[in-house]
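Protein chains in written order, with this note's numbering: chain A, 745 to 1092; chain B, 1111 to 1674.
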Amino acid sequence: MKPYAAVATVIVCFILTLPMLTTRALCRELTIMTHDSFSMSESVLKDFKKAVGADITILRSGDAGQALNKAILSKNNPMADLFFGVDNTFIGRALDNDLFITYTPKGFEDIDTSLLLDDKNRLIPVDFGDVCLNYDIKWFKAKHLAPPAGLEDLIRPAYKDLTVVQNPATSSPGLAFLLATISRFGENKYISFWQKLKANGVMVVNGWQEAYWGQFTAASKGDRPIVVSYASSPAAEVFYAEQKPDTAPTGVVIENKSAFRQIEFAGILKNSDNTDLAKKAMDFLLSKAFQEDIPLQMFVFPANTKANLPDVFLKHAKITDAPASLPPEKINRNRDKWLREWTENLLR
Amino acid sequence: MAPGMDGKPVAVKTRIYTHPYVLAGLVPLVFFLVFYFYPLAGIFLRSFVPDFPAHLHIDLSFLDQVAGSQRLHHIIRFTFWQAAVSTGLTLAFAFPCAFVMSHYQFKGKKFLTLSASIPFVLPAVVVAAALDASFGRNGWLGVLNIRHPLVLIFIAHVFYNFSVMLRILTSFWAGLRANVQEAAAMLGAGPFQTFIHITLPLLMPAVWAASFLVFIFCFSSFGIILILGGPAYSTIEAEIYRQAAHMFNLPVASFLSLIQIGFTLVLMGLYTAFSRKAVRFAPKGSHTNFKQPEKFWEKAAVTGNAGFIILLCLFPLAALAGKSLVHEGQLSLIYYRAIFDNPASSIFHVPPFTAIKFSFIFAGTALAIALVTGLCAALCLNHLDRTKAKGLAAFFDPLFMLPLSTSAVTLGFGIIITLDRPPLNLRTSALLVPLVHALVGFPFVLRAVLPALKNIPNNIRETAATLGASPGKIFRCIDLPLISGALTAGAVFAFTISMGEFGATIFTASPRTPTIPIAIYRFLGQPGAMNYGQAMAISTLLMAVTAAGFIIIEKISLRGIQQF
């Protein structure tokens, strides 16, 4: 009977270890639900805990869309107190589902007013970034080819098999880029642009990482010199380079309304038990401490106009003067239809 | 003749349902009801009756969407097509290998069986990485230029399922051999005639059972399709994930889940029916005599078989391990050392050592749950099968196999909306991962233990009962020792499956409790040689753990897993 006793002991041990994992800390805890790209530096997290006066758990729940979907499914008994990372392509879905309560945080008056999209202040803008085409400067120089100047260039024969984009159904920059084309070519004609793009050998991958780190010539061993990314990506290229170059190795295409502005919002979840803590957390998200941490952690721009940008951003990151835009209500009404149309045409 | 001496049941029908073994069946039943059917029912209700409970209006508008989408039709056709092709390829490769493995004894045979088994429990991220290390741009076989997603999908499916097919076919074929040879010798039939007229017809139920099982695995393939296929290829399972997680189109996702569950149930029914039909000829425990390869063609067959298994199963694994050991063109342990470092650069860095720890804890717990529920289910099904309630056994058997091919995202969403209140507030609990893993491991325990129980002749138990042994004592002194090998095999399967499980884990694991596959996934998603190298190093460790598990199976019992 000895082997069975041993097996039984092991089983009992495992079952005894589990509650230790599940027991929560006795002090109060604020949970922030967010997407997988969320990040902040350790020192700022320390200040964050101090400012809120509680322990902070960050629940990364998939990409931006998935995280929001989980919040919607669990809205009657939320898994978190605060949600970070609803963007302007999803804001309609979030507000329709009545997920958030109104709260005007401290520092609200410093937010760039062009970013405000919810007049009831349930969702507050925290950061923004411009999604646009990035290209490999060296590659185009070597081939004696002019880099693309706008979206139309992508369907020229000279640019055959050069572009990699993300599937808008699975990637938020992918969706932003699709919206840029809809804004640029109109609701009725955008799909013919995409059909031509397909005929011109566009590569579609599932996510940003696969596109940028897997296929883009400037950042991987791939063979696509044009990729959909952010206007701040060149700053990241310089920041992460082992020997800091004077000029960024990549360029961006932001003229001719070819960039789409992505704005990220945060809000306090309804039915949370820790609304008081969540309010303090919202204040902190707009404070200079957090806002100045954003550029080098998530490589997008802070919403707070008073926040100072790091040098590498001032030098190498671009802000679009006139981004392509679509009214959020229109996006919310048509998003599913556009995604279906795009999917049916591009992924067959 | 005393009742029971002829092997017929002694129990009277009315007493069947209060027998302790039948009551034990309530354990897996409750487990399934609470953690499988209840969440599924929750998500289906939410999808099809959106205003429940205020209005009982069934919203069927999604049917137009499904009917009108060329793409969804294509996906459904593609799912069947790729599963059929993958199964055909697996059978074509495994059949000749099974012939060699069931007839000949040669050096390194155990090693080959072991290496063929490892891929089956590896997570899709690792398999994709292994194929990339072999066929990718910088892979060992990069010059072959095999990069078409469809070809890679087929290679991956054969790589995964080869061992399942091989094990089932080999074990039945080995059992057939002795009897067939005698019969053929008596009738004066040549080897070819023997094969066509005797061996093949007898082997067919096993071939069908194995094919259905492999078909089911390929039918519900998820990670492989998502990673290797890219956005252009989608199976029903991958599409459920896209529709639910990305488009938030719950009605279509749920409808596709129902289609998938329906087909799986039919296929599982066929599989369990064929496995019942595939009778063993050699009595269990009798030692099968393997031949030594003597003639030239026999030697050639053995060599070819070994070469193929090494190329298919071992080569990608070796390529993976190789990548983890080479840093900038030189042999180096730098990636392995980096695993144990914890650079405090980001608050979200997954320290691989933590991931290894949680993987072991989760796998141990999942094993415990799967073992208890699986054993109870096997005892119950076996008892029902031996008494007059055969129909009930035939009903529950395929039902218990369902978690093998249920979409993780459907179940995950179901858990979010149903298991959200005390006492079952599991959404953010550390117990959720082992529970979900146990659901997936459970069918393996059941499939390993059930045949072993069926092979215990009834009259042994009945003799014991006549001599006054209680059911508890019969279980302890007869059943348990006889099925201990199978039980160990099932346990190791449950353990390794949990170690490698990815789809459901990414959906249910909290960031505080990452597992090895999650860590691999995160490392693969970061740029740079260092992250890639660390991903390869952890994958290699996962492989080593898996291999160790299978060595334990082979040492303790060769028989238990042959049935699966």
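All C-beta atoms in this analysis are idealised placements derived from N, C-alpha and C, irrespective of residue type, glycine included. For clarity, every value in this text was computed on a predicted model and none was experimentally measured.
request  = Closer than 7 Å by beta-carbon distance: list the chain B residues that pair up with residue 913 of chain A, in chain order.
outcome  = Here the question's residue 913 of chain A lines up with position 169 in the first sequence. Within 7 Å of the CB of residue 913 of chain A, the CB atoms of chain B belong to 1352, 1356 and 1357, in sequence order along the chain.
ask   = Under the three-state reduction of DSSP, which class applies to residue 908 of chain A: helix, strand or coil?
value = By 1-based counting over the first sequence, the position of residue 908 of chain A is 164. Note: residue 908 of chain A maps to strand in three-state DSSP.
message = Given this structure, state the Cα-to-Cα distance separating residue 1450 of chain B from residue 1470 of chain B, to the nearest angstrom.
response = Mapped onto the second sequence, residue 1450 of chain B falls at position 340. Mapped onto the second sequence, residue 1470 of chain B falls at position 360. Cα-Cα distance, rounded: 16 Å.
message = Between B/1647, B/1365, B/1527 and B/1661, which has its C-alpha nearest residue 1152 of chain B's C-alpha?
response = Sequence index remark: in the second sequence, residue 1152 of chain B carries index 42 (1-based). Out of B/1647, B/1365, B/1527 and B/1661, B/1527 has the C-alpha closest to the C-alpha of residue 1152 of chain B.
query = Looking at the C-beta of residue 1016 of chain A, does it have a partner C-beta in chain E at a distance below 9 Å?
reply = The structure shown contains no chain E; the protein chains it does contain are A and B.
request  = Provide the residue span of the alpha helix (DSSP H) that contains residue 913 of chain A, from first to last.
outcome  = For this step, residue 913 of chain A is matched to residue 169 along the first sequence. Taken as a continuous stretch (DSSP letters only), residue 913 of chain A belongs to no alpha helix (DSSP H), as it is neither H nor E.
task = Can you check DSSP and say which residues form a bridge with residue 1007 of chain A?
result = Residue 1007 of chain A sits at position 263 when you count from the first residue of the first sequence. In the DSSP output, where bridge partners are listed per residue, residue 1007 of chain A has A/872.
query = Do residue 903 of chain A and residue 944 of chain A come within 9 Å of each other at the CB atom, strictly closer than that value?
reply = Taking the first sequence and counting its residues from 1, one reaches residue 944 of chain A at position 200. Taking the first sequence and counting its residues from 1, one reaches residue 903 of chain A at position 159. Result yes, Cβ atoms of residue 944 of chain A and residue 903 of chain A sit closer than 9 Å.
request  = Compare the C-beta of residue 1530 of chain B with all C-beta atoms of chain A and state if any pair is closer than 9 Å.
outcome  = Along the second sequence, read from residue 1 onward, the residue named residue 1530 of chain B stands at position 420. Closer than 9 Å to some Cβ of chain A, the Cβ of residue 1530 of chain B qualifies, so yes.
ask   = What residue from B/1277, B/1421, B/1541 and B/1570 has the CA that sits closest to residue 1622 of chain B's CA?
value = Position 512 of the second sequence holds residue 1622 of chain B. It is B/1541.
query = Got a sec: is the Cβ-Cβ distance from residue 1336 of chain B to anything in chain A below 9 Å?
reply = Position 226 of the second sequence, counting from 1, holds the residue named residue 1336 of chain B. For residue 1336 of chain B, the answer is yes, since a Cβ of chain A falls inside 9 Å of its Cβ.
ask   = Exposed or buried, what is residue 772 of chain A when buried is set at 16 or more other beta-carbons lying within 10 Å of its beta-carbon?
value = Here residue 772 of chain A is taken as the residue at index 28 of the first sequence, counted from 1. With fewer than 16 other Cβ atoms within 10 Å, it is exposed.
task = Output yes or no for whether 9 Å exceeds the beta carbon distance between residue 1448 of chain B and residue 1180 of chain B.
result = As a first step, residue 1448 of chain B must be located in the second sequence, where it is residue number 338. As a first step, residue 1180 of chain B must be located in the second sequence, where it is residue number 70. Taking 9 Å as the Cβ cut-off, residue 1448 of chain B and residue 1180 of chain B do not qualify as a contacting pair.
inquiry  = By the DSSP assignment, the beta strand (DSSP E) with residue 804 of chain A in it spans what residues?
reply    = Within the first sequence, residue 804 of chain A is the residue found at index 60, counting from 1. Start and end: 799-804.
query = With 16 as the cutoff for other CB atoms within 10 Å, does residue 1349 of chain B come out buried or exposed?
reply = Along the second sequence, one-based indexing puts residue 1349 of chain B at 239. It is buried - the Cβ of residue 1349 of chain B has at least 16 other Cβ atoms within 10 Å.
ask   = residue 1068 of chain A bridges to which residues according to DSSP?
value = What you label residue 1068 of chain A is simply residue 324 of the first sequence in a count that begins at 1. A/1004.
message = Give me the residue from B/1545, B/1228 and B/1337 with the minimum Cα distance to residue 1428 of chain B.
response = In the second sequence, counting from the first residue as 1, residue 1428 of chain B sits at position 318. Answer by Cα proximity: B/1228.
message = Does any residue of chain B have a CB that is nearer than 9 Å to the CB of residue 1042 of chain A?
response = Within the first sequence, the letter at position 298 stands for residue 1042 of chain A. Cβ-Cβ to chain B under 9 Å: no for residue 1042 of chain A.
inquiry  = Between the alpha carbons of residue 1230 of chain B and residue 1033 of chain A, how many angstroms are there, rounded?
reply    = Along the second sequence, read from residue 1 onward, the residue named residue 1230 of chain B stands at position 120. Along the first sequence, read from residue 1 onward, the residue named residue 1033 of chain A stands at position 289. For residue 1230 of chain B and residue 1033 of chain A, the distance between alpha carbons rounds to 49 Å.
task = Work out the CA separation of residue 1323 of chain B and residue 1381 of chain B for me, nearest whole Å.
result = Locating residue 1381 of chain B in the second sequence gives position 271, counting from the first residue. Locating residue 1323 of chain B in the second sequence gives position 213, counting from the first residue. Using only the alpha carbons, I get a separation of about 6 Å.
key: Proximity to residue 1275 of chain B [Cα-Cα], best of B/1250, B/1287, B/1320 and B/1261   = Along the second sequence, read from residue 1 onward, the residue named residue 1275 of chain B stands at position 165. Among B/1250, B/1287, B/1320 and B/1261, the Cα nearest to that of residue 1275 of chain B belongs to B/1320.
inquiry  = To the nearest angstrom, how far is the alpha carbon of residue 790 of chain A from that of residue 800 of chain A?
reply    = The residue labelled residue 790 of chain A in the question sits at position 46 within the first sequence. The residue labelled residue 800 of chain A in the question sits at position 56 within the first sequence. Distance between the alpha carbons of residue 790 of chain A and residue 800 of chain A is about 9 Å.
ask   = Under 9 Å, do residue 1365 of chain B and residue 1345 of chain B count as touching if we go by C-beta distance?
value = For the purposes of this step, residue 1365 of chain B is identified with residue 255 of the second sequence, where counting begins at 1. For the purposes of this step, residue 1345 of chain B is identified with residue 235 of the second sequence, where counting begins at 1. Not closer than 9 Å, so no.
task = Output, in sequence order along the chain, the residues in the segment 1174-1191 of chain B whose CB is closer than 9 Å to any CB in chain A.
result = 1175, 1179, 1180, 1181 and 1184
query = Using a C-beta to C-beta distance shorter than 8 Å, which residues of chain A count as neighbours of residue 1322 of chain B?
reply = Taking the second sequence and counting its residues from 1, one reaches residue 1322 of chain B at position 212. Those within 8 Å of residue 1322 of chain B in chain A number zero; the least Cβ separation is about 30 Å.
Member of A/1084, A/1063, A/922 and A/947 whose CA lies at the smallest distance from the CA of residue 975 of chain A = What you label residue 975 of chain A is simply residue 231 of the first sequence in a count that begins at 1. Nearest of A/1084, A/1063, A/922 and A/947 to residue 975 of chain A, Cα basis: A/1063.
inquiry  = Quick check: does the Cβ of residue 1647 of chain B come within less than 8 Å of any heavy atom belonging to the ligand ZN?
reply    = This structure simply doesn't include the ligand ZN, nor any ligand for that matter.
request  = Answer with yes or no whether the minimum CB distance from residue 818 of chain A to chain B is below 9 Å.
outcome  = The residue given as residue 818 of chain A occupies position 74 in the first sequence. Answer yes: the Cβ-Cβ gap between residue 818 of chain A and chain B drops below 9 Å somewhere.
key: For residue 831 of chain A: DSSP bridge partner residues   = By 1-based counting over the first sequence, the position of residue 831 of chain A is 87. DSSP lists A/1008 as partners of residue 831 of chain A.
request  = Tell me, please, whether the CB atom of residue 1439 of chain B is closer than 9 Å to any CB atom in chain A?
outcome  = The residue you call residue 1439 of chain B lines up with position 329 of the second sequence. So, not an interface residue.
ask   = Which of helix, strand or coil does DSSP assign to residue 1631 of chain B?
value = Mapped onto the second sequence, residue 1631 of chain B falls at position 521. DSSP places residue 1631 of chain B in helix when its eight states are reduced to three.
request  = Identify whether residue 842 of chain A lies in helix, strand or coil by the three-state DSSP scheme.
outcome  = What you label residue 842 of chain A is simply residue 98 of the first sequence in a count that begins at 1. Three-state result, residue 842 of chain A: coil.
task = Would you mind stating whether residue 1073 of chain A and residue 851 of chain A have Cβ atoms separated by less than 9 Å?
result = Position 329 of the first sequence, counted from the start, is the residue given in the question as residue 1073 of chain A. Position 107 of the first sequence, counted from the start, is the residue given in the question as residue 851 of chain A. It is not a contact, given that the beta carbons lie outside the stated cut-off.
inquiry  = According to DSSP, is residue 1034 of chain A part of a helix, a strand, or is it coil?
reply    = One-based indexing of the first sequence puts residue 1034 of chain A at position 290. Residue 1034 of chain A: helix per DSSP, three-state reduction.
request  = Select from the segment 949-964 of chain A all residues with a C-beta closer than 7 Å to any C-beta belonging to chain B, and list them in chain order.
outcome  = 949, 950, 953, 957 and 963
ask   = Do the segment 875-895 of chain A and the segment 1030-1044 of chain A meet, that is, are 3 or more Cβ pairs less than 8 Å apart?
value = Between the segment 875-895 of chain A and the segment 1030-1044 of chain A, the count of Cβ pairs shorter than 8 Å is below three; the stretches do not touch.
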